[in-house]
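Quick note, our numbering runs 32 ahead of the 1-based positions in the sequence shown. Backbone N, C-alpha and C fix where the C-beta goes; we use that ideal spot for every residue, glycine too. On a predicted model such as this, the values are computed, not experimentally measured, just so you know. The next block holds one structure in the form of structure tokens; read it before the comments.
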Amino acid sequence: MSETIRTLFEQIQAEMDQSVMAIYGKMKRQRISLERVGVFAIIGDFEKSRLEAQNIDDYFLRAQAWIWIYRHSHQQNDYGEAHSLLIVLKGAKYEKILIALAEAATADQNFSNAYTLFALAGIKPDAIHCLFVLTLVEAKDFEMALKTAEKIKSADLRSMAEVAIASNNGSVELFQNAFERTKKIRNKFVRAEAQVFIAQALAEIISEGATESPKK
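Next up, the structure:
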């Protein structure tokens, strides 16, 4: 990082600290620490982000901080720090951290942990497997995505999962099949979401085609 960029970074940090202080009243110091955790984690300075996380006394905010670090570091110790705080959280805060941990574990493809956490938060198995399918599709692991989709019992959610797989693995024939499959989805919201997957995937293909240099 050049000296100019570092100076600018420090100026932005100072501005951010003041802005957060103006917004959050008596929780200001801990909120500032949470914001700084995020910034340092994003740039990969995990030593500083972990030090900031340790400055946070509020258990809910500290758990959020460790999840933020884990999302960038992918270190199980950071995940463990957040998970250990669950025992002191109650009610909605407990549920929010459960779901945030589950989402972080899903993004890291730690599906066993993610399933347990989602289930504890009251998320139904079909919805959990559907989320896993979307993560696997993003990672281009279509074989595992198909196996996971087979675990979905709800016809609507299974169709949506299959549409997501077909839309991202697609020949024209697969797109056509995926579109036909959306017509069988009874729930109008799920059907609309499935159609959005197809539209987005097609838009990406069109966009990639437009940016390719013409073949001679």
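Extent of the continuous alpha helix (DSSP H) run through residue i
i, result
"V120", "Here V120 belongs to no alpha helix (DSSP H), and DSSP marks it neither H nor E."
Residue i classed as buried or exposed, judged by whether at least 16 other C-beta atoms fall within 10 angstroms
i, result
"V120", "exposed"
"I74", "exposed"
"R63", "buried"
"Q141", "exposed"
"A231", "exposed"
"N19", "Since the first residue of the chain shown is 33 and the last is 248, residue 19 is not available in this structure."
"S116", "exposed"
"R94", "buried"
"Q96", "buried"
"S81", "buried"
"S144", "exposed"
"E244", "Confidence at E244 is low in this model, with a pLDDT of 45, below 50, so its placement is unreliable and no value can be given for it."
"D188", "buried"
"E194", "buried"
"S239", "exposed"
Three-state secondary structure (DSSP) of residue i
i, result
"N145", "helix"
"A193", "helix"
"G76", "coil"
"E182", "coil"
"I131", "helix"
"R218", "coil"
"I160", "helix"
"H106", "coil"
"D140", "coil"
"G112", "helix"
"A171", "coil"
"D89", "coil"
"T243", "Only weak support is given to the placement of T243: the predicted model assigns it a pLDDT of 44, under 50, and the value that follows is read from those uncertain coordinates. Helix, per DSSP."
"A153", "coil"
"N200", "coil"
"I230", "helix"
Selected residue, minimal CA-CA separation from residue i, among the options
i, options, result
"F92", "Q107, L130, L83", "L130"
"V222", "L234, M192, R213, F211", "M192"
"P157", "H104, L83, K185", "K185"
"A139", "I99, D90, R213, S239", "I99"
"D90", "K122, N109, F78, H106", "K122"
Within-8 Å CB hit, residue i to chain C
i, result
"K179", "You won't find chain C in this structure, because it holds only one protein chain."
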